[in-house]
């Protein structure tokens, strides 16, 4: 979706109401049994151009789709008809992947998998659920809902759930990916269930876990890599740690709320008895206006002034997160007429 906002706005100026009408006329439609529509999401993805210069809107009608969706091309926008009624559900354990190869290339674990090169893709208005742990065997081992080796991935207005570790795993090669999540519900009984490698901006989301830690970040290789979470809420079914890391990382949490299920354990190095990696830049966890039901812990204090460059709260935006290389919010806003997306607020 590089330069997408300029393209869409230019189309709007030229075509007037035709752009808005496209919300009722997507490029491809998935509706099993309906003439002229595709029976599976994978069929629709494979019918899309391999190298499109504009977003390819695939509308997925309400229903339960029991398939592992593999996206192997850029600018695919999967748009559900309804966030709660369009459901992609598939049970898969990382160590027992059902599909290990696609067109001669390895495939990762996940209900939705973005292959390397599937850049500028968007997922919206749907539920994505890896239910292996509750339907096949009772385990919280790695069972991703979304796995990606692409960059500039956008997930907005979705329920993204898994029955095991690493619910949302966006791991572009070399940890050089950029990701944006907004208005999502992330739910997982395992550990590290939002765990990006690279740069990630998350806003207005709900986190609900029940494992050792909810968020994780890998920022190796570039001091500017970071995980930024704003205006979001963290909860758990039983006492739970907020976050941890195994390698160099950088966390920013602003205007977030924790329930009393989040225990007194600051975001820190995952191991105390051994060193798996040398932390070149040390512990970098920064907070502003983070509140906890029942009272704050000492490690939740405002400390943005300790970060490199001492950014002010208003400075911490997607543009700042991605150093001006990507403006996902402008792209999502440009897509609103096409995908019917509206911002939500986390209570």
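In my numbering, the protein residues as written are 2 to 348.
Every residue gets a Cβ at the ideal spot worked out from N, C-alpha and C, and that includes glycine.
Assuming residue 112 and residue 69 form a contact by the criterion Cβ under 8 Å, report the distance between their Cβ atoms to the nearest whole angstrom. 6 Å
Could you say if the stretch 126-138 and the stretch 197-210 meet the contact criterion of at least three C-beta pairs nearer than 8 Å? Touching, no.
Reduced DSSP secondary structure (H/G/I, E/B, other) of residue 102: Reduced to three states, the DSSP call for residue 102 is strand.
So is residue 332 buried or exposed if we call it buried at 16+ other beta carbons inside 10 Å? buried
Residue 43 versus 66, 37 and 120, residue with shortest Cα-Cα distance: Sorting 66, 37 and 120 by C-alpha distance to the C-alpha of residue 43 places 66 at the top.
Taking only heavy atoms of the ligand NAD into account, decide whether any of them is closer than 7 Å to the Cβ of residue 160. By its list of ligands, the structure shown contains no ligand whatsoever, and the ligand NAD lies outside what it can speak to.
Supposed close pair residue 189, residue 84 - CB separation, criterion 8 Å: So it is not a contact: roughly 18 Å between Cβ atoms.
May I ask which residues mark the beginning and end of the alpha helix (DSSP H) holding residue 331? From DSSP, the alpha helix (DSSP H) with residue 331 extends over 329-340.
Residue from 176, 288 and 282 with nearest C-alpha to residue 268: 288
The alpha helix (DSSP H) that contains residue 300, what's its start and end? Element bounds for residue 300: n/a, residue is neither H nor E.
Using three-state DSSP, classify residue 22 as helix, strand or coil. Any reading at residue 22 must be qualified, since the residue scores a pLDDT of 31, below 50, and its modelled position is unreliable; no value is offered.
Alpha-carbon to alpha-carbon, residue 107 and residue 114: Each residue's alpha carbon lies about 11 Å from the other.
Identify the continuous beta strand (DSSP E) that holds residue 268 and give its terminal residues. No beta strand (DSSP E) holds residue 268; DSSP gives it neither H nor E.
In its own chain, which residues sit with a C-beta less than 6 Å from the C-beta of residue 231, not counting the 5 before and 5 after it? 204, 255 and 256
I'd like the list of long-range same chain contacts for residue 40, defined as Cβ closer than 6 Å, with 5 residues on each side in sequence excluded. 33
Residue 175 - DSSP class collapsed to helix/strand/coil: helix
Just mark residue 93 as buried or exposed, buried being the case when its beta carbon has 16 or more other beta carbons within 10 Å. buried
What span of residues does the beta strand (DSSP E) with residue 131 cover, start to end? 123-131
On the three-state DSSP scale, how would you describe residue 55? coil
Assuming residue 195 contacts residue 169 (C-beta within less than 8 Å), just tell me the rounded distance between them. 5 Å
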